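Per the working numbering, the very first residue in the sequence shown carries number 98; after that it's consecutive. Here a beta-carbon is modelled for each residue, glycine too, at the ideal position from N, C-alpha and C. Note that this is a predicted model, so its numbers are computed, not measured.
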Amino acid sequence: MKRMLINASQEEELRVALVDGQRLYDLDIENRTRIQKKANIYKGKITRVEPSLEAAFVDFGAERHGFLPLKEISRQYFKSDAPRLSDKTTIKDLVAEGTEVIVQVEKEERGNKGAALTTFISLAGRYLVLMPNNPKAGGISRRIEGDDRSEIREALRTLTIPDSMGLIVRTAGVGKEHDELQWDLDYLLALWDSIQEAGAQRAAPFLVFAESNVIIRTMRDYLRKEIGEVLIDTEESHAEALSFIQQVMPQYESRIKLYDDKLPLFNRYQIESQIESAFGREVTLPSGGSVVIDPTEALISIDINSSRATRGADIEETALNTNLEAADEIARQLRLRDMGGLVVIDFIDMMSNRNQREVENRMREALESDRARVQVGRISRFGLLE
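Quick look at the structure:
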């Protein structure tokens with residue numbers, strides 16, 4: 098059975114784990130001592146425009162100024178006398194320092210880098226994602242296929258969507274009636290109105306809207322019919338989750354349960370060691386090989402090591418089997434570690450083109466369940482996959 102385990106009994110952090118039996122396949126950790134900014138919406142001010150980077154720096158109230166690329170700046174923030182876009186147009190021609198902007202945090206600060214920002218706001222509901230200032234965006238989740246896509250297209254035609262906005266139907270929206278989808282849309286439209294109203298009340302920088310805490314966010318994003326139960330180990334968090342479910346997803350109310358056993362929740366399902374592995378540099382594969390993960394400023398480097406692999410009658414077969422195991426584990430580790438950006442994987446060299454294609458396909462399949470949009474290249478002649 099698939100379960101959602103919510104460990105809220107620690108003062109320093111709140112952890113949400115998704116498990117299939119006793120295998121951990123997704124993890125979300127919220128540090129209670131540090132303010133989470135991802136998906137939060139701020140009113141900020143452009144403090145510097147940098148043509149060499151084709152980006153602007155924004156003071157949105159954080160210690161470091163945020164990074165706002167030109168492609169993430171809505172036309173509504175361009176100068177009134179801005180020229181038409183062309184190959185010769187620079188960000189200096191389009192955007193002025195001192196301009197106040199409503200921005201959303203796409204990536205938290207990391208190392209010496211400030212948070213990555215966008216002015217194209219996304220508001221996630223239970224079934225829909227509203228993009229209030231991006232009419233060209235929208236559509237249907239890439240994970241919805243076949244007849245479900247046709248059904249969703251028909252449902253979209255019945256919704257009253259403002260011309261200036263875009264809308265995405267999430268996987269949870271499959272099979273929902275018009276009234277349920279319209280209710281979610283009306284909620285998001287009202288939320289956007291309140292955000293705009295709050296943003297107009299005073300000068301930047303300040304927080305306009307904070308994303309839901311990890312309990313609400315995880316249930317909104319992950320609770321599906323295949324999740325048999327949700328176990329929560331504190332009464333306070335259980336009550337919070339139950340209140341949310343009763344309002345938004347009452348059909349799942351019976352699955353929200355208080356865990357009050359003396360044995361800690363994560364120990365009960367033997368996942369503490371799996372969580373520890375998500376913070377280690379090296380992860381062991383079933384065959385005896387290993388995956389070594391090294392994040393750098395520019396990219397995430399992943400190396401496959403077969404030094405202890407014993408399965409397979411010859412080198413090529415051993416390389417293929419180890420690489421296939423590695424593809425599954427890499428996809429899992431990227432989810433557990435919440436890693437993104439450019440990922441370069443150094444697979445063990447294989448002579449057969451057919452084997453290379455098999456590993457590429459396994460990598461794509463393993464990443465299909467990831468909520469993030471992932472692009473996968475092909476294995477190069479040097480054995481690298483991006």
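Does residue i pass the burial test, meaning 16 or more other C-beta atoms within 10 Å, or should it be called exposed?
i: R429; result: buried
i: A469; result: exposed
i: P229; result: buried
i: S370; result: exposed
i: G163; result: buried
i: E426; result: buried
i: K359; result: exposed
i: P302; result: buried
i: A159; result: buried
i: T216; result: buried
i: Q453; result: buried
i: A336; result: exposed
i: A252; result: buried
i: N450; result: exposed
i: T407; result: Here the model assigns T407 a pLDDT of 48, short of 50, so the residue's position is not dependable, and the following value carries that caveat. It counts as exposed.
i: Q298; result: exposed
i: L214; result: buried
i: M98; result: exposed
Got a sec, what are the start and stop residues for the beta strand (DSSP E) residue i sits in?
i: V200; result: 197 to 204
i: M436; result: Where M436 is concerned, there is no enclosing beta strand (DSSP E), given that its DSSP letter is neither H nor E.
i: E326; result: 324 to 329
i: L227; result: 225 to 228
i: L191; result: Looking at the DSSP string, L191 is not in any beta strand (DSSP E); the run it does join, the alpha helix (DSSP H), is 188 to 191.
i: L214; result: 213 to 215
Using CA atoms only, rank isn't needed, just tell me which of the options is closest to residue i.
i: V266; options: I249, R207, I353; result: I249
i: L256; options: G243, T268, H275; result: H275
i: K189; options: L165, N230, E147; result: E147
i: E194; options: F175, K185, Q201; result: F175
i: L115; options: V388, N104, P180; result: N104
i: D156; options: K168, E337, I138; result: I138
i: R317; options: F303, M346, D290; result: M346
i: L421; options: S403, R434, L433; result: S403
i: D435; options: R207, P383, L362, I312; result: R207
i: K204; options: G235, P259, A136; result: A136
i: A152; options: A159, P166, R161, K142; result: P166
i: A212; options: V113, G141, G272, L278; result: G141
i: L320; options: I329, Y349, L304; result: Y349
i: A269; options: P392, R475, L225; result: L225
i: I312; options: R223, G437, A338, I292; result: A338
i: Q472; options: V113, Q279, M460; result: M460
i: I254; options: G243, E242, G235; result: It is Arg, not Ile, that sits at residue 254 in the sequence shown. With distances taken between Cα atoms, R254 lies closest to G235.
i: S149; options: A297, L355, T187; result: T187
i: Q133; options: E110, D260, R172, I476; result: E110
i: T415; options: V440, I445, P392, R478; result: I445
i: I372; options: S106, D125, R161; result: D125
i: R120; options: I368, G377, L439, V389; result: I368
i: V202; options: R181, S219, S466; result: S219
i: I353; options: A375, V327, L362; result: V327
i: T130; options: E108, R112, V113; result: E108
In the DSSP assignment, find the alpha helix (DSSP H) that holds residue i and state where it starts and stops.
i: N104; result: Where N104 is concerned, there is no enclosing alpha helix (DSSP H), although the beta strand (DSSP E) it sits in stretches over 99 to 104.
i: D245; result: 244 to 254
Look up residue i in the DSSP assignment and say whether it is helix, strand or coil.
i: L464; result: helix
i: E127; result: strand
i: L482; result: strand
i: L111; result: strand
i: L421; result: helix
i: T407; result: With a pLDDT of 48 at T407, under the threshold of 50, the predicted position of this residue should be treated as unreliable, though the coordinate-derived value follows. In this structure, T407 counts as coil in the three-state DSSP scheme.
i: I241; result: coil
i: R475; result: coil
i: I445; result: coil
i: A428; result: helix
i: R120; result: strand
i: R470; result: coil
i: A416; result: helix
i: R181; result: coil
i: R207; result: strand
Exercise. Enumerate, from N- to C-terminal direction, the unbroken alpha helix (DSSP H) stretches of 4 or more residues contained entirely within the region 332 to 401.
Key: Fully enclosed alpha helix (DSSP H) runs of 4 or longer: 332 to 345, 362 to 365, 369 to 374.
Quiz item: What alpha helix (DSSP H) runs, 4 residues minimum, are completely inside the region 260 to 318?
Solution: The alpha helix (DSSP H) runs of length 4 or more contained entirely in the region 260 to 318 are, from start to end of the chain, 275 to 296.
Quiz item: Where in the region 139 to 178 do unbroken runs of the beta strand (DSSP E), each at least 3 residues long, occur, reported from the N-terminal end onward?
Solution: Within the region 139 to 178, the complete beta strand (DSSP E) runs of at least 3 residues are 152 to 156, 163 to 166.
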